[in-house]
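Q: What follows is a single structure, and I will ask about it in a moment.
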């Protein structure tokens, strides 16, 4: 209970504290950021372990005349763990990345604020809380998106806000309908709409998915995501590859499993369409990615593609699919962050932001590029990396659901991922670059350390998927 | 003594500001005294209203009826302290006190010397008194008189700024408002002609019996009332006077005009529609459909108009048009949730819009610029003002935690109950548009670099006013309990079939 | 436990290699020798017919599992041996190519991965090491770093990745088809869902087929094997493609060796046989027209893999009587490992000496490289199947199997038997051509460097010695290793069949000699007619077709993208216009509300009032006249 | 038709009120002079007053003065008239206020013609 509250509000409090530290005291600020991020991570683990053990940790109240509860179930706990743990890594990375940059105070203030919002989304116990934090997350991350203050960034920010608000609007409508039809908003008491059946449910589900799909970047609602790459790299890495987009994905998982319930969706006509929307996004996203030259945009489109993996898992409507989705959620996040971290190091150290100019970087920044390559292997779904397991269970789920073409789609996506990144990597290692730079110095090591640590974690999980299995199992058992 | 005061409290609440208003010109030379007097009246009103509200809330029996001069109902004028009245009174008190506080901070800049300030306060108190009267009165002709008092004082407030533009805007406002008053009076006349009563309850009882004999006259009354009050409460497309008037008025004036005055007329219309005509007649004449339709159009058109504006205050003024649309939409839903939502939205908009106008005014005063693009970086230089603006923007957009959300949520629930998807989509679209026209301001305020100028937060009373109002927004958003309860009860009472 | 240790040994070697400073110690050699020794000692019990099993105790849904039966043992020992030999070769060779350390690192990592594949006890573990092998061996391919190498590297990596993905999907289907993931070495799978099982088998065959270089999935192979440094090529061709073959044997195990296949997989034997025949034929035909020595060898790898696959197919097709096919395949795998490694190493020596691998620019080199010429001769004879050398033994077994199947089989098996012989002729032809062009013929005008070549020749010599030993005593290996392996896999009467067969029966020897003779003749004809310089048109090759398909897909995609882009742009413009117009309208409505009614101009207040009155009139009229 | 005419004749005060209202409205609409607009408003208000007073009238009724020995029982309704007193007061105050405004506008713009005022726009300083 207390640990839940601390975990949740460390970020917000930390943000306020950081806001009070003068702009010049960078070192102090970094320590404070680290402290709060760490405390959040620690208490999230504390809470999550309790949740996995079957204990109920709950804070409930009333907000604006509506019941409001923070009540993590295993799914929320998993998301919370992903977010808070990676936050810690990204914080360290940001210390390196942001060193010497402008407006660090603003950056770290909102960086910490967003942590609370993300965890709020994760831990929300009913739709009201989910909606609230979902909305606030948009606002807390907006300053990060426009951090560069360039015209491009401002435009991206506007786009981001507009897309997100529209999505939130759709969700609000959907929530109202849900409440009107079921009278329930709580996640804890099983699927809300379980006993209702009607023609409107298809539309309601579409509304939900359309709303959350904005943040989950389902095509064609994805356009804000590549634009938002104007943000500093840690933000792109954490928020636009993991936290923010996962909040959308998480919302859809919630919709499928807590609002409708997989059994109900299994009776709706829309179940035929859903997996295919995800599948189309998977393929189209990565194909478009292959056509991008700017590395971060390419990664962004890859994000679009990979987010739909998770959705695909949810839409297969069976336990294996869900397990795959959760697995992919966990493992994909570690590697995607790594990729972005590497992109950040490359652009910071050499100024290279385009894939076509990447030749020779591997010789200059061997560790970075090695991490990048390994992460790419993971994106393809090769074995020593954890993403394989996610993909494996996703495919298993699809096949068990009798939709083997979906499994083929996943395979095709893996191949396309390879086409997308392997040439770049080979180039990076084989050409000789004209640039000179080194992988040394405290700044680089601050950036490099979390990157390599994440790769290690990914490899570790890949070799021993059993260590995250209890979490996945808890989620699956919760819903099935 | 105490019992005398408490039994006569309703009338005191109306009389006190009016009385003080008449005393003020004699004290014009002593600015501080004037200001303190006004503030103390406001505080007293607030206390009295809270007392009334607690009585209404906790004694759940019939509303307190106060008979003016001791004359019983059909002949004398009645004051009815019901849930609706108390609700609106509370709104008035909550908004007008901080606005007065803000006015105390600095008026010379906008209004002029001591004399003018005193006159400004006269009008201000007259308006507050009239609004309080509107909240409580149960008599049609009394409504007319109070509306006229309010209209005149509003016009006076707009023209309080010594600027030709103000005079022009006032004139437009005056002509249109007087036209509206004529229509209102005409409408009252029609009701009187067919029922022979001016007391709302009696008129309503009579109407429900005989309306089928004179369907056209009833309709005339309806349309006169709708248009008359519509023009005063800036219902689209009758809002044409509003942007000019509200953007040109001195800042406390525009706050209270946009925040409260418009709401007073809306409450009057609400009373006429529900207490006099009643639900049955509204349904018979499909008035509720008109209201929903007009409300939706107002939301969309108002918001888009606001988007096109470059001046901050004009943008806010247009936003009022849009928000009024929400309230009318709620009135047309004909169910408790929707009506309660509309009422709550009315209150929350009153608070929010006053905050917005006050903070906008503070920014304008500090920078001397009107356009939004000139406010770059003001968030750092005027943190409290900008924070108040942000909080109220979020509230207006309907973000949870802020009062706007509660209202919108109930409105949405109401639309849901009424069973059509269109109002729901419009409400949401309105929210998105609202975000679209308010967030750029915030973005410019916080995320663009400020010019090297010495902009500072306003002085203490003004800051205090802003903080108070923002706090109210948050409190109403987080614990709307009693307020929402009052709104719910008021809605239930209004919807009782007679 | 030994099973888990074996793949770890090379990793320890890697550590040593990383921290080695200057001193000349051939760590890869030591490591592979250790592997060999450990393998021989540790796997003794396996040859006695007791499989070893070890599960790494890890929590979760999948625990890595190791398993060794005789088949694994054969492969493990072959790997250990070939690695040791190549490691002897590497230092002197890589001195010329440069970046020895990187090569050795990759080499050790690959050894670890390869051992892991052979010892894997479940499909996940197998896949894990399979992927690792892909990645680590990839660096051999791109070792030279030139354009060609990188292109080949792409090819190699893409195909391998795709193969890995197919394996993964196959595993998925396998998991669906059965309740519990089948353990390698546990015999035929009893599928719950036979359709999924069929798919799984297909996918696994594709996955392993890519690695093995099975037609039509072989495109990567000639590129990759020819650009790698010679030891790399030797290992790639000698052992890594055998991983694919190993996988195919295991797939056969899931389907069931020694039984007549039923249900969804009944086509498996004949399918594999047909694929094998095609592979054989395509490989040898392509090899005939090559002018580059390494490419020629690479195509021959394909061809020889074809033999192996054919043998497997026949083994499956014949069911309980297919022992010879399986034994022949296993035998041929080992033999091919030996002679193909030797050939690549030999060509490598030539390359180091002359910087040239184009056959037509070489010639008469036996004087300069006498030892090499000798060992190469042995290897060439081995691969062509000359009696007395190892190739003869396995090819004979395979031929027996095929002709046994052809005796009372359908038409296509008869054809495959004929093609089998034809391919033998082709092989002879191309190797006579190779040997003639390099070592005999006119002395070429290439500059020959003087190198230390003791280690290199030693490596080749070791291989040649083993080849000769096997060649003279062909039945030893077959009876002590291959036949038990086949029996463990399920061929109950494999050993018995083998007993009944004599390697030195005259007709076989004769036919082999005839084959060689015809080969020599064809070779002579080929030189005279210039047929060796003929190239099939590009569009007819698989690569050409693939390229065409790719280009057309790209074309369609581009069109689609253009189309989509134009739609989006139009929509964007339209909405922009709409927005602008809306804005303009609203602004005008706000700015000057003026209009004309008749001739009366209404400005400002008048217009506002008019609006008000219009609304009023509208309301009144609407009710009074329209509604009623 | 005759029915309608009959009704109109019987209810002539209302008819008159309507005509007055229309005249007032038209004046407000078409005249651009501020004074005339104001007069138009006044006419409209008068129309409404007329309507009210007419509503209170009873044919053949007497002035409602109760002095104890008045034998008449049929009084006209005094309430509307009383109310209209209030209305007239309001109207007067509106007129006064409007006149003051017109004065101010005249001082700033130098004209009382609305069109010209609008043409001048907002450029006029304080």
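Protein chains in written order, with the numbering used here: chain A, 25 to 504; chain B, 256 to 753; chain C, 18 to 645; chain D, 28 to 153. We put the CB at the ideal spot given by N, CA and C, even for glycine.
#1: Assuming residue 93 of chain A is part of the alpha helix (DSSP H), what are its boundary residues?
#2: Helix, strand or coil for residue 412 of chain A, going by three-state DSSP, please let me know.
#3: Are any of the Cβ atoms in chain G nearer than 8 Å to that of residue 139 of chain D?
#4: According to DSSP, which residues form a beta bridge with residue 102 of chain D?
#5: Below 6 Å CB to CB, which residues in the same chain sit around residue 399 of chain C once its five sequence neighbours on both sides are set aside?
#6: From residue 244 of chain A to residue 529 of chain B, what distance separates their C-alpha atoms?
#7: Classify residue 84 of chain C as helix, strand or coil using the three-state DSSP reduction.
#8: Residue 568 of chain B by DSSP, collapsed to three states: which one?
#9: With 8 Å as the C-beta to C-beta threshold (strictly closer), list the residues of the stretch 414-434 of chain B near chain D in chain order.
#10: For the candidate residues A:265, A:346, A:465, whose alpha-carbon lies nearest to that of residue 403 of chain A?
#11: Scan the stretch 152-164 of chain A for residues whose Cβ lies nearer than 8 Å to a Cβ of chain B and list them as they occur along the chain.
#12: What is the rounded straight-line gap between the Cα of residue 151 of chain D and the Cα of residue 459 of chain B?
#13: Report yes or no: do the stretch 403-412 of chain B and the stretch 375-395 of chain B share at least 3 C-beta pairs separated by less than 8 Å?
#14: Using 10 angstroms around the beta-carbon of residue 590 of chain C, count the other beta-carbons present and answer buried if the total reaches 16, otherwise exposed.
#15: By the DSSP assignment, the beta strand (DSSP E) with residue 321 of chain B in it spans what residues?
#16: Just the Cα atoms here: how many angstroms apart are residue 396 of chain C and residue 412 of chain C?
#17: Quick one: using the 10 Å Cβ neighbour count with 16 as the cut-off for buried, is residue 67 of chain D buried or exposed?
#18: Check residue 679 of chain B in the structure and name its three-state DSSP category.
#19: Where are the beta strand (DSSP E) runs, 3 residues long or more, that stay fully inside the stretch 317-364 of chain B, in chain order?
#20: In whole angstroms, what is the alpha-carbon distance linking residue 433 of chain C and residue 328 of chain C?
#21: Under the rule that 16 or more other beta-carbon atoms within 10 Å means buried, what is residue 278 of chain B, buried or exposed?
#22: Just to confirm my understanding: we take residue 383 of chain C, look at its own chain, exclude 5 residues before and 5 after, and list those with CB closer than 8 Å. What are they?
#23: Just grab the DSSP bridge partners of residue 85 of chain A for me.
#24: Can you grab the Cα-Cα spacing for the pair residue 301 of chain A / residue 250 of chain A, in whole Å?
#25: Quick one: Cα of residue 153 of chain D to Cα of residue 146 of chain D, how far?
#26: Between residue 253 of chain C and residue 131 of chain C, how many whole angstroms is the CB-CB distance? I'm expecting something under 8 Å.
#27: Who are the Cβ neighbours of residue 19 of chain C in its own chain at under 6 Å, not counting the five residues just before and after it?
#28: Using a beta-carbon distance below 8 Å, is residue 478 of chain B in contact with chain C?
#29: Any contact between the stretch 625-634 of chain B and the stretch 682-700 of chain B? By contact I mean 3 or more CB pairs, one from each, below 8 Å.
#30: Between which residues of its own chain and residue 277 of chain C is the CB-CB distance below 7 Å, once the five residues before and five after are set aside?
#31: Between the C-alpha atoms of residue 503 of chain A and residue 210 of chain C, what's the straight-line distance to the nearest angstrom?
#32: Answer yes or no: do residue 129 of chain A and residue 45 of chain A have a C-beta to C-beta separation smaller than 8 Å?
#33: To the nearest whole angstrom, what separates the beta carbons of residue 177 of chain C and residue 258 of chain C, a pair I think is in contact under 8 Å?
#34: Tell me the residue span of the alpha helix (DSSP H) that contains residue 514 of chain C.
#35: What does the Cβ neighbour count give for residue 297 of chain A, buried or exposed, with the cut at 16 atoms within 10 Å?
#36: Return helix, strand or coil for residue 424 of chain B, following the three-state DSSP convention.
A: For this structure:
#1: Residue numbering aside, residue 93 of chain A sits at position 69 when the first chain is read from its first letter. Unbroken run through residue 93 of chain A is the beta strand (DSSP E), 90-94; no alpha helix (DSSP H).
#2: For this step, residue 412 of chain A is matched to residue 388 along the first chain. It is helical.
#3: Of the protein chains in the structure, A, B, C and D, none is chain G.
#4: On the fourth chain, residue 102 of chain D is found 75 positions in, with the first residue counted as 1. Beta-bridge pairing links residue 102 of chain D to D:89.
#5: Sequence index remark: in the third chain, residue 399 of chain C carries index 382 (1-based). Sequence-distant partners of residue 399 of chain C (beyond 5 residues in either direction) whose C-beta falls short of 6 Å from its own C-beta, in its chain, are 356, 406, 407, 408, 484.
#6: One-based indexing of the first chain puts residue 244 of chain A at position 220. One-based indexing of the second chain puts residue 529 of chain B at position 274. If you take the alpha carbons of residue 244 of chain A and residue 529 of chain B, they lie about 47 Å apart.
#7: Here residue 84 of chain C is taken as the residue at index 67 of the third chain, counted from 1. Here residue 84 of chain C sits in strand by DSSP.
#8: Counted from its first residue, the second chain places residue 568 of chain B at position 313. In the structure shown, residue 568 of chain B sits in a helix (DSSP, three-state: H, G or I).
#9: Taking 8 Å as the Cβ-Cβ cut-off against chain D, the residues of the stretch 414-434 of chain B that qualify are 414, 417, 418, 419, 420, 422, 423, 425, 426, 429, 430, 433, 434.
#10: Counting from 1 along the first chain, the entry for residue 403 of chain A is found at position 379. It is A:265.
#11: The residues in question are 152, 155, 156, 159, 160, 163.
#12: Locating residue 151 of chain D in the fourth chain gives position 124, where the first residue counts as 1. Locating residue 459 of chain B in the second chain gives position 204, where the first residue counts as 1. Bear in mind that a pLDDT of 47 at residue 151 of chain D, under 50, signals an unreliable position, so the number given afterwards is only what the model happens to contain. The alpha-carbon separation between residue 151 of chain D and residue 459 of chain B amounts to approximately 51 Å.
#13: With the cut-off at 8 Å, the stretch 403-412 of chain B and the stretch 375-395 of chain B touch.
#14: Locating residue 590 of chain C in the third chain gives position 573, where the first residue counts as 1. Residue 590 of chain C is exposed by the Cβ-count criterion.
#15: As a first step, residue 321 of chain B must be located in the second chain, where it is residue number 66. 319-322 is the span of the beta strand (DSSP E), which, as asked, contains residue 321 of chain B.
#16: Along the third chain, read from residue 1 onward, the residue named residue 396 of chain C stands at position 379. Along the third chain, read from residue 1 onward, the residue named residue 412 of chain C stands at position 395. Those two C-alpha atoms are separated by around 15 Å.
#17: In the fourth chain, residue 67 of chain D corresponds to position 40, counting from 1. Buried, since its Cβ has 16 or more Cβ neighbours within 10 Å.
#18: Counting from 1 along the second chain, the entry for residue 679 of chain B is found at position 424. The answer is helix: DSSP assigns residue 679 of chain B an H, G or I state.
#19: Taken in chain order, the complete beta strand (DSSP E) segments of 3 or more residues contained in the stretch 317-364 of chain B are 319-322, 333-336.
#20: Counting from one through the third chain, the residue named residue 433 of chain C turns up at place 416. Counting from one through the third chain, the residue named residue 328 of chain C turns up at place 311. When rounded, the distance between both Cα atoms is 11 Å.
#21: For the purposes of this step, residue 278 of chain B is taken as residue 23 along the second chain, with counting starting at 1. In this structure residue 278 of chain B is exposed. Its beta-carbon is surrounded by fewer than 16 other beta-carbon atoms within 10 angstroms.
#22: The residue you call residue 383 of chain C lines up with position 366 of the third chain. Excluding sequence neighbours, residue 383 of chain C sits near 390, 456, 457.
#23: Here residue 85 of chain A refers to the residue found at position 61 of the first chain. Partner(s): A:92.
#24: For the purposes of this step, residue 301 of chain A is taken as residue 277 along the first chain, with counting starting at 1. For the purposes of this step, residue 250 of chain A is taken as residue 226 along the first chain, with counting starting at 1. Whole-angstrom Cα-Cα distance: 19 Å.
#25: Locating residue 153 of chain D in the fourth chain gives position 126, counting from the first residue. Locating residue 146 of chain D in the fourth chain gives position 119, counting from the first residue. Reliability of the predicted coordinates at residue 153 of chain D is poor, the pLDDT of 41 falling under 50, and the value obtained from them is presented with this limitation in mind. Rounded to the nearest angstrom, the gap between the Cα atoms of residue 153 of chain D and residue 146 of chain D is 17 Å.
#26: Locating residue 253 of chain C in the third chain gives position 236, counting from the first residue. Locating residue 131 of chain C in the third chain gives position 114, counting from the first residue. Wrong, their Cβ atoms sit about 11 Å apart, outside the cutoff.
#27: Within the third chain, the letter at position 2 stands for residue 19 of chain C. These residues qualify, in order along the chain: 59.
#28: Indexing the second chain from 1 puts residue 478 of chain B at position 223. Judged by the 8 Å Cβ criterion, residue 478 of chain B is in contact with chain C.
#29: Yes, since at least three Cβ pairs between the stretch 625-634 of chain B and the stretch 682-700 of chain B fall closer than 8 Å, the two stretches touch.
#30: Counted from its first residue, the third chain places residue 277 of chain C at position 260. So the list reads 336, once near-sequence residues are dropped.
#31: On the first chain, residue 503 of chain A is found 479 positions in, with the first residue counted as 1. On the third chain, residue 210 of chain C is found 193 positions in, with the first residue counted as 1. One C-alpha to the other measures close to 26 Å.
#32: The residue labelled residue 129 of chain A in the question sits at position 105 within the first chain. The residue labelled residue 45 of chain A in the question sits at position 21 within the first chain. Remark: C-beta atoms of residue 129 of chain A and residue 45 of chain A approach each other more closely than 8 Å.
#33: As a first step, residue 177 of chain C is located in the third chain; it is residue number 160 there, counting from the start. As a first step, residue 258 of chain C is located in the third chain; it is residue number 241 there, counting from the start. Incorrect: roughly 11 Å between the Cβ atoms, too far for contact.
#34: Along the third chain, read from residue 1 onward, the residue named residue 514 of chain C stands at position 497. Element bounds for residue 514 of chain C: 511-516.
#35: Numbered from its first residue, the first chain carries residue 297 of chain A at position 273. By the neighbour-count rule (16 or more Cβ atoms within 10 Å), residue 297 of chain A is not buried but exposed.
#36: Sequence index remark: in the second chain, residue 424 of chain B carries index 169 (1-based). Shown here, residue 424 of chain B sits in a helix according to DSSP, grouped into three states.
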